[in-house]
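Going letter by letter, the sequence shown gives residues 0 to 418 in numbering that gives the first Met the number 0.
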Amino acid sequence: MASSDARRGSRGPREPRQRTLLALSHWRARVAGLAALVCATAVGWPGAVRAHDSSVSNGVFRSRDAGDTWLPLNPESFARGALALAVHPSDPHQLLLATDSGLLASRNGGRDWEPVASDVLVGPVFAVAFDANGQDALAAGTRALVRRDGTRWREARTPAGVAPARLLVAGGVPGRAYLAGTTGLHRTDDAGRSWSRAGRAFDAVAVSALVVSAARSDELHALAAGRLWASGDGARSWRVDDGAPPAIEALALDRTEPGRVWVVSAGRAWHRGPGSTRWAASGAVLPDAQAHARGIDVLGGAMLVTTERGVFRSRDGGASWTPLSAELPNHAEATLLVHDPHDAATVYTGFSRFGREQLAPDVAAPALAMTEPDVALLVGVYAGFGVLLLLMGAIARRMTRDSRAPTTAHPLPVRGPSR
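See below:
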């Protein structure tokens, strides 16, 4: 009897604790629901979808069948933004990748990557190139140009006005390379130890594309301010191609027919045969009228065009185009298009959520400038954290109040005098 009464009497002290636990569980459910609502609102904010997962619009990809299928080459769980890529001139397994956070190197075709030159390059790397001898290499960071001499990376002389660089292009012969900056074009013949001005045609404009003929190293084509330029003496002098289409967006040389030049203008591919001055349109325009071309690659009838809204492929010489949205980031800016000099069917493309205009500190947009979607997402996240902190404070006050409340125990039954 006494033990039964003791059990009944012990319920009293446990009731406030039970009420506190029930209240805590109730508030936890409310907090979880509100947190889910805040996250859904932040991610679903108009225009903020692109900002919720940076890996969707970052990384480098490789195709071994001229663009039919693609394989991501990103061993890290968080894919870096790919800005430029170089393939070793004698070993296709050696790659250099310029990213938005440093320079990476691979010795097994992109299966594994390791950071390099981190002691002399800090922050994003905008351009990279192997020398024709295979031993030297050049890379351009935000404010410095570095070169690899054997296995060691060291800072190189940087011509005035080119940092951060837009392009680094191997010159086809050992020691020669071309460097384009915000304006101007420079040439080196000693693997970056010294530089000279490559003509005066680009002193006031930026070179956005530069290609060197595989058959003749002194033959170059450049794209600047939407116009096509050509040089036959290793960039010492230039002449403009007045017969080319206007407002050219991308430039490339045909990989199966030496001397054939390809450009993209107003969403359509154009070509000019070797020794000819007449340009001809090839096929139809790209299906996305808002897509602005960044690069073009042509291998027979297979054509690839990279844009700031993804990659487009044609199997019939441009007669029809297909957006490659199944295996590549969709509606993301493609920042590079590089073919493997050892295998005609192998091509690389890359994507970066932040482009040069956002990463470079000396252009109109500040470094890592926040877009409207980023602002919307950040506001939503901070608002969510603020609400969660307020709720946590309310829970703490409620638990403190419950723990201090007087307890009401069930009274023990009164016994009469024993007889």
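Beta carbons are placed, not taken as given, at the ideal position from N, Cα and C, and that holds for glycine. Note that the structure is predicted; figures quoted are calculated from it, not measured.
- For ARG312, the secondary structure class from DSSP, reduced to helix, strand or coil, is strand.
- Between THR276 and ALA128, the alpha-carbon positions lie close to 31 angstroms from each other.
- With at least 16 other beta carbons inside 10 angstroms of its own, ALA208 counts as buried.
- ARG277 sits in coil when the DSSP states are folded into three classes, being neither helix nor strand.
- When the Cα atoms are used, GLN134 and SER117 turn out to be separated by approximately 19 angstroms.
- The beta carbon of ALA162 sits closer than 6 angstroms to those of ARG142, all from its chain and outside the five residues before and after it, given in chain order.
- Separation of VAL263 and THR68 (C-alpha to C-alpha, rounded to the nearest whole angstrom) is 23 angstroms.
- Under the DSSP assignment, GLU356 falls in the alpha helix (DSSP H) whose first and last residues are 355 to 358.
- In this structure, ALA249 is the residue among PRO257, ALA249, HIS92 and GLY274 with its C-alpha nearest to the C-alpha of LEU303.
- For THR305, the enclosing beta strand (DSSP E) has its first and last residue at 301 to 306.
- A straight line joining the alpha-carbon of ALA325 with that of ALA344 spans about 20 angstroms.
- SER319 carries a coil assignment under DSSP once its states are collapsed to helix, strand and coil.
- In this structure ALA176 is in contact with ASP130, their Cβ atoms being roughly 7 angstroms apart against a cut-off of 8 angstroms.
- 7 angstroms or more divides the Cβ of LEU94 from the Cβ of VAL115.
- About 18 angstroms separates the CB atoms of ALA221 and PRO257; that is not less than 8 angstroms, and the two are not in contact.
- Look at LEU137 here: in three-state DSSP terms it is strand.
- Inter-residue distance for HIS291 and ALA104 is about 30 angstroms (C-alpha atoms, whole angstroms).
- Judged by DSSP secondary structure, ARG61 falls within the beta strand (DSSP E) whose first and last residues are 58 to 62.
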